[in-house]
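A.B. asks: Have a look at the structure that comes next, please.
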Amino acid sequence: MSRSSIGTMMGSQPTGTFMGIPAAQLADVSGGSVVFGAPAATPYPSVGAYCKNAPAAIRNAISMYQANISHMDFDLGGPIFPNGITAVDLGDLEFDESDGPGNRERIRATTAEIVKRGGVPVVIGGDDSIPIPMIEGFAEHGEYFVVQIDAHIDYRDEVGGEKLGLSSTMRRAFEMPHIKGLVQVGQRGIGSARPQDYEDAKSHGVKFVSARQVASGGIQQVIDLVPAGVNVIVDLDCDALDPSIVPGVIGRAPGGLTYWNVVDLLHGIAGKAKLSGFNLVEFMPESDVDDIGALNNARIICNVLGLIARQA
Numbered sequence: 001m002s003r004s005s006i007g008t009m010m011g012s013q014p015t016g017t018f019m020g021i022p023a024a025q026l027a028d029v030s031g032g033s034v035v036f037g038a039p040a041a042t043p044y045p046s047v048g049a050y051c052k053n054a055p056a057a058i059r060n061a062i063s064m065y066q067a068n069i070s071h072m073d074f075d076l077g078g079p080i081f082p083n084g085i086t087a088v089d090l091g092d093l094e095f096d097e098s099d100g101p102g103n104r105e106r107i108r109a110t111t112a113e114i115v116k117r118g119g120v121p122v123v124i125g126g127d128d129s130i131p132i133p134m135i136e137g138f139a140e141h142g143e144y145f146v147v148q149i150d151a152h153i154d155y156r157d158e159v160g161g162e163k164l165g166l167s168s169t170m171r172r173a174f175e176m177p178h179i180k181g182l183v184q185v186g187q188r189g190i191g192s193a194r195p196q197d198y199e200d201a202k203s204h205g206v207k208f209v210s211a212r213q214v215a216s217g218g219i220q221q222v223i224d225l226v227p228a229g230v231n232v233i234v235d236l237d238c239d240a241l242d243p244s245i246v247p248g249v250i251g252r253a254p255g256g257l258t259y260w261n262v263v264d265l266l267h268g269i270a271g272k273a274k275l276s277g278f279n280l281v282e283f284m285p286e287s288d289v290d291d292i293g294a295l296n297n298a299r300i301i302c303n304v305l306g307l308i309a310r311q312a
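Residue numbers (UniProt numbering): 1 to 312.
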């Protein structure tokens, strides 16, 4: 006998898109949120594309609720889309884990075209090298501020000679002329960063709020570091969240952020600035527990879509 689910109770039939929003081609985009999956960009050869199945897992986890997409979402104070659905899903980009340049160009070009067409890219990864070409895709469209939510600072210049891997994401973002500021929140434990990498980031003007500082002082201190009125790209590495709610990551560390820390941060950013882009990376469904991490990640994306739908 198959296990009962809330999706069966609600009458949801999975469509393959996020929360059942319409599927679309890039040429159809004309504003709103534009979801696409990026299974990999520049994975390190030692581990390969270990997050390649994340986009499908996250879409599947939220599919049980899609029949009720017009119902109250109490995280948002109303339906996700208060004036009708204003989002589409392009599906997943093609990828080849042995072709980093090709992967990066597809991510960059797709992001750039979405922004050109007035849309807001919402990217479901994939490993944490994906934000490099995603952020690069904004280069011709103004100035941006990056908020990274991550257990690690990703500020290595290179690892094993690779400068575009997941441990170098924020250093590469800092080097992009259109990126005018960086705030990083959620750091804890041990990662790839050495003391000099941390000192480099601070000397470059990067502002840090660790997971411990959030636990003691709350999330408002992070929101206060985001300048009012700027265009914000949010990079969420889901290992920032505590492994009790997102166990499916390659680098678990105790003491992570809560679901409400992240949701309140996103709402706070949207209340003073513009959410111009979002990516969620580093989810490894093979290490998840009963899809709980996939669901938490998907619910964060629901909040992002709802916040974008409420922007002027």
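Note that beta-carbon positions come from the ideal geometry of N, C-alpha and C, so glycine has one too.
1. I need the straight-line Cα distance from PHE283 to GLY126, nearest angstrom please.
2. Apart from the five residues on each side of it in sequence, which residues of its chain come closer than 6 Å, Cβ to Cβ, to GLY118?
3. Between LYS180 and PHE145, how many whole angstroms is the CB-CB distance? I'm expecting something under 8 Å.
4. Alpha carbon to alpha carbon, how far is GLY100 from MET9?
5. Helix or strand or just coil, what does DSSP make of ASP288?
6. Measuring straight from C-alpha to C-alpha, what distance separates MET134 and ILE107?
7. Per DSSP, ILE149 is paired with what?
8. Could you tell me which residues DSSP puts in a beta bridge with ASN279?
9. Skipping 5 residues on each side, what residues in its chain have a beta carbon closer than 8 Å to that of HIS71?
10. Does LEU241 come out as helix, strand or coil in the three-state DSSP assignment?
11. Helix, strand or coil: how does DSSP classify residue 321 here?
12. Looking at the strands, I want to know which residues DSSP matches up with VAL88.
13. With DSSP collapsed to three states, give me the class of LEU305.
14. Name the one or two DSSP bridge partners that TYR144 has.
15. Hey, quick one: how far does the beta strand (DSSP E) through LYS52 stretch, first residue to last?
16. DSSP puts VAL209 in a beta bridge; with which residues?
17. Taking all protein chains shown into account, decide if GLU175 is buried (16 or more other Cβ within 10 angstroms of its Cβ) or exposed.
18. Tell me, please, which residues DSSP counts as bridged to GLU162.
19. When burial is assigned at 16 or more other CB atoms within 10 Å of the CB, is GLY16 buried or exposed?
20. Measuring alpha carbon to alpha carbon, tell me which of GLU199, ILE21, GLY189 and GLY186 ends up nearest ARG171.
C.D. replies: According to the structure shown:
1. 7 Å
2. GLY31
3. 6 Å
4. 43 Å
5. coil
6. 6 Å
7. VAL185 and LEU236
8. VAL123 and ASP235
9. PRO79
10. strand
11. Absent from the model: residue 321. The displayed extent of the chain is 1 to 312, so no value can be given.
12. VAL34
13. helix
14. ILE179
15. Counting along the chain, LYS52 falls outside any beta strand (DSSP E), and DSSP gives it neither H nor E.
16. VAL185
17. exposed
18. VAL159
19. exposed
20. GLU199
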